[in-house]
Amino acid sequence: MRIMSLNAWGGTLHGPLLRYLAQEAPEVLCLQEVIHSPETSKLDLTYRDGDHVLAQRANLFSEVAAVLPEHAAIFCPAAQGMLWDGELPVPSRWGLASFVHRSLPIIGQAQGFVHKGYEPDGFGEHPRSRSAHALRVFDHAQGSAVSIAQMHGLRDLRGKMDTHERAAQARRFLALLEQVAEPGDLRVVCGDFNVEPGSETLRLMTEAGMTELVTAGNFEGTRSAHYAKPGKFADYMAVSNAAAVRGFTVVRAPEVSDHCPLLLDL
């Protein structure tokens, strides 16, 4: 089974991103920073937050689903706010998406929030609401179940330091996984955690029996050349049994986001 985790950057590099996902087609795709704007047929919109202005792909969720026609597509919104078509506001939902190949039956799932709750009337104040999604799938090739959870960790404008909110977020995330996992399952957690390698978030996962693969593999970071700021770590993937890992890498090329895809083979 191949599992990929990626922050899609709102589809800023949608062309390379869609081509890469169609070619790679992992059995399970955990995608963060996904836009879903069902009220518009526009292809591109603009996100505005003070001086922060970023192009967004209006219906990235539908476009990814279209290039992965053999996958079940699940969108998990964190908030609905306004993106912009020139000076026209367009209601748009922002959150996570999970895509699971039809060869893997989904036998359990839980969706919830690891920070705040759903924001229906705007993206909210920083640090904003963060959702998470946990899936339990059955791998008939191996004759066993695998439980997978993803989140997009909260962004704190002060930086990626440890905070009470981040510690609480990690505990809620692990608890969400336990809602679907059963004894004997291989457990996988992944996402853009928005923390540094020595963080309390990763320590809590280690205490929960997980082996984190980015730091264990001595990778030099998880951000692509499109990310110009200091601090090259954000994305992580951990497993409950390292012996089940056949391969793991941080994909440097092609560049499809300001984050690198994390690719795990079990």
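Be aware that the sequence shown starts at 434, since it is given in this note's numbering, and climbs by one per residue. C-beta atoms are modelled at their ideal positions from N, C-alpha and C, and glycine is treated no differently.
| Would you call the segment 490-501 and the segment 458-478 in contact, with 3 or more CB pairs under 8 Å? | yes
| With 16 other CB atoms within 10 Å as the buried threshold, where does residue 403 fall? | Residue 403 cannot be examined here, being either before or after the span of the chain that is shown, 434 to 699.
| Cα-Cα separation, residue 550 to residue 653 | About 34 Å.
| For residue 524, the first and last residue of its enclosing beta strand (DSSP E) | 521-534
| field | Rounded separation between residue 564 and residue 575 - CA only | value | 30 Å
| message | Once the 5 residues before and after residue 688 are set aside, which same chain residues still bring their CB inside 8 Å of it? | response | 446, 449, 657, 658 and 659
| Bridge partners - residue 578, DSSP secondary structure assignment | 571
| Can you tell me whether DSSP reads residue 488 as helix, strand or coil? | strand
| said: Looking only at its chain, what residues have a beta carbon closer than 6 Å to the beta carbon of residue 487, apart from the 5 residues adjacent to it on each side? | reply: 480
| message | For residue 738, count the other beta carbons within 10 Å of its own beta carbon; 16 or more makes it buried, fewer makes it exposed. Which is it? | response | This structure cannot settle anything about residue 738, because the visible part of the chain is limited to 434 through 699.
| request: Could you check which residue in 501, 586 and 506 has the C-alpha nearest to that of residue 561? | output: 586
| Beta-carbon spacing of residue 570, residue 537 below 7 Å | yes
| said: I'd like to check one pair, residue 556 with residue 584: are the Cβ atoms closer than 7 Å? | reply: no
| Do residue 509 and residue 542 have their C-beta atoms within less than 7 Å of each other? | no
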